[in-house]
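Worksheet: one structure, shown below.
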Amino acid sequence: DMSFTYDSSSYSQSCPNPTPTITGITSGTFSSSASLTIDVNTGEITTSTSSPGTYTVTYSLLASCATPASFEVTITAALNADFSYPSTPYCSSSANVTPTITGQSGGSFTVPTGLSLVSSSTGEIDISASTPGSYTVSYTVSECGSSITATTTLEITASVTATVVYGAATYSDNDADPTPTITGHVTGTFTASPTGLSFTSTSTGEIDLSASTLGTYEITFTPSATCSIPVTTSLKIQGCPYVNNPIGYP
Numbered sequence: 170d171m172s173f174t175y176d177s178s179s180y181s182q183s184c185p186n187p188t189p190t191i192t193g194i195t196s197g198t199f200s201s202s203a204s205l206t207i208d209v210n211t212g213e214i215t216t217s218t219s220s221p222g223t224y225t226v227t228y229s230l231l232a233s234c235a236t237p238a239s240f241e242v243t244i245t246a247a248l249n250a251d252f253s254y255p256s257t258p259y260c261s262s263s264a265n266v267t268p269t270i271t272g273q274s275g276g277s278f279t280v281p282t283g284l285s286l287v288s289s290s291t292g293e294i295d296i297s298a299s300t301p302g303s304y305t306v307s308y309t310v311s312e313c314g315s316s317i318t319a320t321t322t323l324e325i326t327a328s329v330t331a332t333v334v335y336g337a338a339t340y341s342d343n344d345a346d347p348t349p350t351i352t353g354h355v356t357g358t359f360t361a362s363p364t365g366l367s368f369t370s371t372s373t374g375e376i377d378l379s380a381s382t383l384g385t386y387e388i389t390f391t392p393s394a395t396c397s398i399p400v401t402t403s404l405k406i407q408g409c410p411y412v413n414n415p416i417g418y419p
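Be aware that the sequence shown starts at 170, since it is given in my numbering, and climbs by one per residue.
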């Protein structure tokens, strides 16, 4: 009776060459597909020159009625830790991002202080919880006592916003044209919804009341920056005259 086994059923091209343990008759020979580099006498597999794939290794005796023994071995590509994030830079208000791993899976991600890593196995980054800046993200895969690390740069840009306040929430169409007070990032563009509100200036937010259609509007101010967070406020225009809570009325 004879049998043999390798210490693993899978090796990468980066692994040291494995040699099987033979039980029973030791005078047989090894064979397999031509794509697997194997020593016919010892069964040693040269991983670096074998093509990735799954192979059946057979151990048999010439001119013998003994049933050949077999063992299935898989060869995987040499260690590869390549990965990439969808895009960069990211605004600090962006949603979490997860990289695409094009190398071997099962590795580990590491990041420097300031970058919030949700998972060391997936590389997911919590952008909003991270400090704006430029970071080097590393991904390391290991097998058979060797390892390889790939890196990429991830940038986070601070998002800017502002506060916009008009002097009142309701105006009559013969009031003086109002201009809001802007604090924070003061340059940007005003828009309104629905249509009908007339801006004297979309930069300052000044409204031409007499040229506007009566109604309630949602006014949006979008700061002029790559990473901006728009802000909104509501404003109502009523027909002349409009008196806020006149005496004698409940």
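Virtual Cβ for every residue (Gly too), placed ideally from N, Cα, C.
| field | N- and C-terminal bounds of the beta strand (DSSP E) containing Leu323 | value | The count along the sequence shown starts at 1 and reaches residue 323 at position 154. From DSSP, the beta strand (DSSP E) with Leu323 extends over Ser315 to Thr326.
| query | In three-state terms, what does DSSP make of Ser157? | reply | Nothing can be reported for residue 157: it is not among the residues displayed for the chain, which extend from 170 to 419.
| DSSP state of Ser202, grouped into three classes? | To locate residue 202, count along the sequence shown from 1; it is residue 33. If DSSP states are grouped into helix, strand and coil, Ser202 belongs with coil.
| task | Mind the definition here: the segment 280-294 touches the segment 260-269 only if three or more C-beta pairs lie below 8 Å; say whether that holds. | result | yes
| Going by the CB atoms, is the gap between Ser307 and Thr318 shorter than 8 Å? | Taking the first residue of the sequence shown as 1, we reach residue 318 at position 149. Taking the first residue of the sequence shown as 1, we reach residue 307 at position 138. A contact, by the Cβ cut-off of 8 Å.
| field | Coil, strand or helix - Thr373 by DSSP | value | Position 204 of the sequence shown, counted from the first residue, corresponds to residue 373. Coil at Thr373, not helix or strand.
| said: Please state the DSSP three-state secondary structure of Ser341. | reply: For the purposes of this step, residue 341 is identified with residue 172 of the sequence shown, where counting begins at 1. Assigned with DSSP and collapsed to three states, Ser341 falls in strand.
| For Gly374, which of Ser381, Gly365, Gly357 and Ser362 has the nearest alpha-carbon? | Here the question's residue 374 lines up with position 205 in the sequence shown. The shortest Cα separation from Gly374 among Ser381, Gly365, Gly357 and Ser362 belongs to Gly357.
| request: Return the first residue and the last residue of the beta strand (DSSP E) that Ala331 is part of. | output: As a first step, residue 331 must be located in the sequence shown, where it is residue number 162. It spans Ala331 to Val334 - the beta strand (DSSP E) in which Ala331 sits, taken as one unbroken run.
| field | Nearest-angstrom Cα separation, counted from Ser277 out to Val287 | value | Counted from its first residue, the sequence shown places residue 287 at position 118. Counted from its first residue, the sequence shown places residue 277 at position 108. C-alpha separation (whole angstroms): 12 Å.
| Is it true that the CB of Ile244 sits closer than 8 Å to the CB of Tyr180? | As a first step, residue 180 must be located in the sequence shown, where it is residue number 11. As a first step, residue 244 must be located in the sequence shown, where it is residue number 75. Cβ atoms of Tyr180 and Ile244: closer than 8 Å.
| task | Check whether the segment 191-208 touches the segment 220-228, taking contact to mean three or more Cβ pairs, one atom from each stretch, closer than 8 Å. | result | Cβ pair count under 8 Å is three or more, so yes.
| field | Limits of the beta strand (DSSP E) - the one that Leu404 falls within | value | The count along the sequence shown starts at 1 and reaches residue 404 at position 235. Segment Val400 to Gln407, the beta strand (DSSP E) holding Leu404.
| message | Does the contact criterion of 3 or more C-beta pairs under 8 Å hold for the segment 212-221 versus the segment 181-193? | response | The answer is yes - the segment 181-193 touches the segment 212-221, with three or more Cβ pairs under 8 Å.
| Using a Cβ-Cβ cut-off of 6 Å (strictly less than) and excluding sequence neighbours within five positions of Thr309, which residues of its own chain qualify? | Start at 1 with the first residue of the sequence shown, and residue 309 comes out as number 140. Only Gly276, Ser277, Ser316 and Thr318 meet the Cβ criterion.
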